[in-house]
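The next block holds one structure in the form of structure tokens; read it before the comments.
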Amino acid sequence: MLPYLKGQEVFGYVDGTLNAPPTTITDANGTSSPNPQFAAWSKQDNLILSAINSSLTEEVLAQVYQATTSCAIWLALESCFASQSHAKVVQVCSELSTAHKGSSTATEYFMSIKKLTDELAIAGQAMSIDDIITYVLVGLGSEYDSLVTMVSSRDTTTLEDLYSLLLTVEARINHNQQALSLPIAAANLATRQPFSSSTGRGRGTFSSNNNRGQGRSNGRGRGANNSGRVSFNNHSNRCCQLCEKPGHTVHTCWWRFDVNFIPPNIQRPAQANYASSSSSTSQDWHPDSGATHHMTANVKTLSLRSDEYTGADQIQIGNGAGLLGERPT
-13 MLPYLKGQEV FGYVDGTLNA PPTTITDANG TSSPNPQFAA WSKQDNLILS
37 AINSSLTEEV LAQVYQATTS CAIWLALESC FASQSHAKVV QVCSELSTAH
87 KGSSTATEYF MSIKKLTDEL AIAGQAMSID DIITYVLVGL GSEYDSLVTM
137 VSSRDTTTLE DLYSLLLTVE ARINHNQQAL SLPIAAANLA TRQPFSSSTG
187 RGRGTFSSNN NRGQGRSNGR GRGANNSGRV SFNNHSNRCC QLCEKPGHTV
237 HTCWWRFDVN FIPPNIQRPA QANYASSSSS TSQDWHPDSG ATHHMTANVK
287 TLSLRSDEYT GADQIQIGNG AGLLGERPT
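Heads up, the sequence shown is in our numbering, so the first residue is -13 and it goes up one at a time.
As structure tokens, this is what we get:
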């Protein structure tokens, strides 16, 4: 509103420099008559008053609706917002003193400081460029110490220069953080590599919870370890392939040159590959599903002839009748 009033060259009506002329004039004969200058002034002042009222919200207009001139409403607005402006200045200054960049980007942090200083300027408390730069530098973290030193050593720095330096240093910090994170990721990947350790000629697994890294194999077998990479030599886990005693290998076994030595014959069934062909008799009742055809992957599991059945099972029909003593066909 202020630029509009000054552009129309009518701000004098608002600030009181163009006071209202007398309402009447008296001629030489002492006769009073309406003053035409007052009528022109009143017309212009009412136009200004109408423009100001139209720019106000309903809440604000309710506080100044009694004003009858443009100067009166302007003074009422100044009085109304004077206390609010002071409170706003205190609030903004408090926010500036506690502002920190934290996890926000350089652009977000710089714009937040600029917004607060603009609010101070609107409230009539404009800050100098040096003060704004000081608030920006104070809120930066230790990773921006080089920028603080650079700006502090300069005689003059504009806000545009400060913003450009902020972006440059931020890009450099992000680049260094990405470079530092690569070895950590590789180390984490290395801890998940398979670990091979085995003793004897068979296959087994080895698990170690107290060591990390890559293990070394002491036999011909293969295994897996979930504990990462480790380099160690654990004699207690060794087993001789000749005498099958722990604590040494066949290369250091004292029986390897003894022609009369008979290796122990210890059978170790492979439980993983164990299969049994014996059938067990189930005591459960299996009702007839009524299917006319059945499928099997092994024809030997079927008893195709009734005289081949040697079990003690009998057929019991659902209605109670049974083929007791008869073999199933």
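Ideal placement from N, C-alpha and C gives every residue a C-beta, glycine not left out.
When you compare only the Cα positions, how much space is there between Thr235 and Leu228? 8 Å
Could you please give the first and the last residue of the uninterrupted alpha helix (DSSP H) stretch that includes Pro22? Pro22 to Ser40
Distance check for Leu166 and Gly201, CA to CA, integer angstroms please. The predicted position of Gly201 is uncertain, since its pLDDT is 42 and thus under 50; no value can be drawn from it.
Could you spell out the range, first to last residue, of the beta strand (DSSP E) harbouring Thr103? Segment Ala92 to Ile108 is the alpha helix (DSSP H) holding Thr103; no beta strand (DSSP E) there.
Distance between beta carbons of Leu123 and Met136, contact taken as under 8 Å: Actually they do not touch by this definition, with Cβ atoms about 10 Å apart.
Tell me whether the beta-carbon of Ala109 lies closer than 8 Å to the beta-carbon of Ser71. It is a contact, given that the beta carbons lie within the stated cut-off.
Quick one: what's got a C-beta closer than 6 Å to Tyr331's C-beta in the same chain, skipping five residues either side? The chain is shown from -13 up to 315; residue 331 falls before or after that span and cannot be answered.
What is the DSSP secondary structure of Thr10, counted as helix, strand or coil? strand
For Pro232, which beta-bridge partners are listed by DSSP? BP columns for Pro232 point to Cys225.
Leu(-12) versus Ala25: straight-line alpha-carbon distance, rounded: 25 Å
Helix, strand or coil, according to DSSP, for Ser132 in the structure here? helix
Which whole-angstrom value is the C-beta distance of Thr55 and Leu35, which I expect to be below 8 Å? Confirmed, about 6 Å.
Nearest-angstrom Cα separation, counted from Leu153 out to Ser203: Low per-residue confidence applies at Ser203: pLDDT is 42, beneath 50, and the placement is therefore not dependable, though the value from the model is reported in the following sentence. Looking at the two C-alpha atoms, the distance is approximately 53 Å.
Would Ala68 pass as a contact of Val50 if the rule is Cβ separation under 8 Å? no
Following the continuous alpha helix (DSSP H) through Phe247, name the residue where it begins and the one where it ends. The continuous stretches of alpha helix (DSSP H) do not include Phe247, and DSSP gives it neither H nor E.
Simplified DSSP assignment, three categories, for Tyr(-10): Correct three-state label for Tyr(-10): helix.
Ser132 to Val75, Cα distance in whole Å? 32 Å
Exposed unless 16 or more other CB atoms sit within 10 angstroms - verdict on Thr103: buried
Helix, strand or coil, according to DSSP, for Ser83 in the structure here? In the three-state scheme derived from DSSP, where H, G and I count as helix and E and B as strand, Ser83 is classed as helix.
Residues in its own chain within less than 7 Å of Ala92 by CB, not counting five upstream and five downstream? Leu152, Leu153 and Glu156
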